[in-house]
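S.K.: Take the sequence shown: its letters are residues 1 to 54, numbered as in UniProt numbering. The beta-carbon is built from N, C-alpha and C at its ideal position, and this holds for glycine as well. Before anything else, here's the structure in question.
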Amino acid sequence: SAMNVSLAQLFEKIGESSTDSYPMKCYELVAAKSKSEQEHLYKMLVEMDKYKNQ
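Written out as C-alpha cells, the structure is:
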C-alpha cells in the first residue's frame, strides 16, 4: 500500500497493540503459507470450531 500499511492492519481495532493482536498473528501466519496449506489450515479451524460448538 501507499503508506507501507497492509489492509489487514488498517482494519484492526484502533489502539490495539499489534503484538497482542491474535487476528493479526493468525493472518500473518496463514498468509506466509502456500495456497494449499492455507486451505488445510482453514479446514482444520472450521472442524475445530464445529467440535467446540457440540
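Kindly list the residues whose CB is nearer than 7 Å to the CB of Q38, restricted to its own chain and excluding five residues on each side of it in sequence; keep chain order.
M.R.: Only V30 meet the Cβ criterion.
S.K.: Quick check on the DSSP output: the alpha helix (DSSP H) that includes S36 runs from which residue to which?
M.R.: K35 to K52 is the extent of the alpha helix (DSSP H) around S36.
S.K.: Taking 7 Å as the limit between beta carbons, can you name the residues of its chain near L41, skipping five residues before and five after?
M.R.: Cβ within range, chain order: V30 and K33.
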